[in-house]
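Chains as they are written, first to last, in my numbering: chain Z, 1 to 288; chain E, 1001 to 1208.
Idealized CB from N, CA, C, for every residue including glycine.
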């Protein structure tokens, strides 16, 4: 059975992973290669690396950064930011990307979606849509020009799929960095028209948000950024809790059966005596 | 163990870097990414990676004059080869992706668009459980856990005797093929974390 995916989004600005708040404020987190190495060890299902400075600065993708980051990535890696032509895509694939994400170029160079799908297959082409809520409903947001467009995210997704997109990544700009949960209505509006898998992003605070969006909408994957960086055991615990209700991939050796969680679903500290005993438990590293 | 010469065939559309990273992690140092006939002839095991559309893949194999050497190494010298994703699909007689295109015809069969109920999204993307018809040699380290990462819109239809594993996505989807020294997987072992690394280890350990 196909499982729902728990993905991590790494927002990269000028070569550094940042915490992004409303697409406006950015706080540094660390190096992309280190973030990827840890997310891998924590058992993430997929990593989405988005370079938000490339399109804004009108430069090509940072191939060196991607190559270094991909080296320790043994899960699928989607790379976006600054992609303007087929050669950029080819080079990114050589640097270790498994899929590419088109955002700004999907808005203004729709033929690139078609061309990329023709050369690399539609399964390789993710179209990422930034959406904002307005008085007239949801609209697509252009993060370079910093303006709302006329088209709705659902209509844009439909068009992108017709052009050859194999997956849709829907970002709720208003929820970005807000910890207020996924925008179910927005996600639903896209899922109902999409014949391809949809990934949602923006607003995740804890496992409960994942369960809600994975259970109440047709998304194939849900992604978080900030909360995975800043919460202890984040990926493992999130997946363990989700797995009680929905099938996700759980392959970590860590078990949380005897752990307790507070109301925010953060792990609580064990008793000192128990921790002392744990010091003497030997865990053999699995040899492949 | 690590004295094997492993060659990842470079034909321009594969994610060769991802595949080589995963294999290097297992400690195989004599690993090359190449389209050079001499290097390929020296290999103990071959990998045919793939991310891409079938047409582009088969066009590139021909443009780089790889058909002759591959046929010789695999069909005459019986060298073990592992095809990944489109790399596996190339073993088929033909593919229907964007028109009709000829494959290597190593394992008779046709690559067709996933024809599944509407409630299933195409492409088939994500982690899916695989059921084995043949555990040996590819899956001997994966008996207890069969979760692999898939990402494809087309799948390989061939005789049941060559299907080493399949997964359920509304229909039975061929997940692995096997015919003597020819092995192929539809999923991406290089992106299936520990399970994928185990599969690579099983493949290389089966190479004499």
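The region 1169-1181 of chain E and the region 1076-1096 of chain E touch, with no fewer than 3 CB-CB distances between them shorter than 8 Å.
The region 1094-1142 of chain E contains, as complete beta strand (DSSP E) runs of 3+ residues, the segments 1109-1113, 1124-1132 (chain order).
With a beta-carbon spacing of about 5 Å, residue 114(Z) and residue 163(Z) fall inside the 8 Å limit used to define contacts. Proximity of chain Z to residue 1153(E) at the Cβ level (cut-off 8 Å) is accounted for by 121, 122, 123, 166, in chain order. Going by DSSP, residue 171(Z) is part of the beta strand (DSSP E) stretching over 167-172. The Cβ neighbour count for residue 1130(E), taken over all protein chains shown within 10 Å, is at least 16; the residue is labelled buried. For residue 235(Z), there is no enclosing beta strand (DSSP E); the residue is found in the alpha helix (DSSP H) stretching over 234-243.
Counting only Cβ-Cβ distances below 8 Å, residue 1193(E) has contacts in chain Z at 40, 43, 74, 75, 251, in chain order. Contact between residue 97(Z) and residue 77(Z) holds: CB atoms are separated by about 6 Å, below the 8 Å threshold. Per DSSP, reduced to three states, the secondary structure at residue 88(Z) is helical. Residues of chain E whose Cβ lies closer than 7 Å to the Cβ of residue 288(Z) are, in chain order, 1026, 1194, 1197, 1198, 1201.
The Cβ atoms of residue 157(Z) and residue 194(Z) sit closer than 8 Å to each other.
For residue 197(Z), the closest Cβ of chain E is nearer than 8 Å.
Near chain E, meaning a CB-to-CB distance below 9 Å, the residues of the region 219-234 of chain Z are 220, 221.
Counting C-beta pairs closer than 8 Å gives fewer than three between the region 118-125 of chain Z and the region 37-47 of chain Z, which falls short of the contact rule. Looking at the DSSP output, residue 19(Z) sits in a beta bridge with 27(Z).
Taking one beta carbon from each stretch, the region 127-137 of chain Z and the region 171-182 of chain Z have 3 or more pairs nearer than 8 Å; the two touch.
For residue 1122(E), the nearest CB of chain Z lies under 8 Å from its own CB, placing it at the interface with that chain. Between residue 1(Z) and chain E, the shortest Cβ-Cβ separation is below 8 Å. The region 91-177 of chain Z contains, as complete beta strand (DSSP E) runs of 3+ residues, the segments 99-102, 125-134, 137-142, 167-172 (chain order). Within 7 Å of the CB of residue 1022(E), the CB atoms of chain Z belong to 74, in sequence order along the chain.
Counting every other CB atom within 10 Å of its CB across the protein chains shown gives residue 1022(E) a total of 16 or more, marking it as buried.
In the three-state reduction of the DSSP assignment, residue 46(Z) falls in the strand class.
Within the same chain, and ignoring the five residues on either side of residue 1111(E) in sequence, the residues whose Cβ sits closer than 8 Å to its Cβ are 1054, 1089, 1092, 1094, 1095, 1096, 1097, 1103, 1154, 1155, 1156, 1157. Linking residue 31(Z) to residue 16(Z) through their CA atoms gives a straight-line distance of about 5 Å.
For residue 1201(E), the secondary structure class from DSSP, reduced to helix, strand or coil, is helix.
Taking 8 Å as the threshold, the shortest C-beta distance from residue 5(Z) to chain E falls below it. Residue 93(Z) reaches chain E at 1015, 1051, counting residues in chain order whose Cβ is nearer than 7 Å.
Ranking 230(Z), 100(Z), 101(Z), 140(Z) by CA distance to the CA of residue 266(Z) puts 230(Z) first. Taking the C-beta atoms as reference points, residue 1148(E) is found nearer than 8 Å to residue 1192(E). A distance below 6 Å between beta-carbons, with the five flanking residues on each side excluded, links residue 21(Z) to the following residues of its chain, in chain order: 177.
Residue 144(Z) and residue 182(Z) do not touch by the CB rule: their CB atoms are close to 25 Å apart, not below 8 Å. Within the region 263-279 of chain Z, contact with chain E at the beta-carbon level (separation under 8 Å) is assigned to no residue. Proximity of the region 4-12 of chain Z to the region 47-62 of chain Z meets the contact definition, three or more beta-carbon pairs being nearer than 8 Å. Under the 10 Å beta carbon count, residue 55(Z) is surrounded by 16 or more other beta carbons and is classified as buried.
Pairing residue 24(Z) with residue 1101(E), the inter-Cα distance amounts to about 48 Å.
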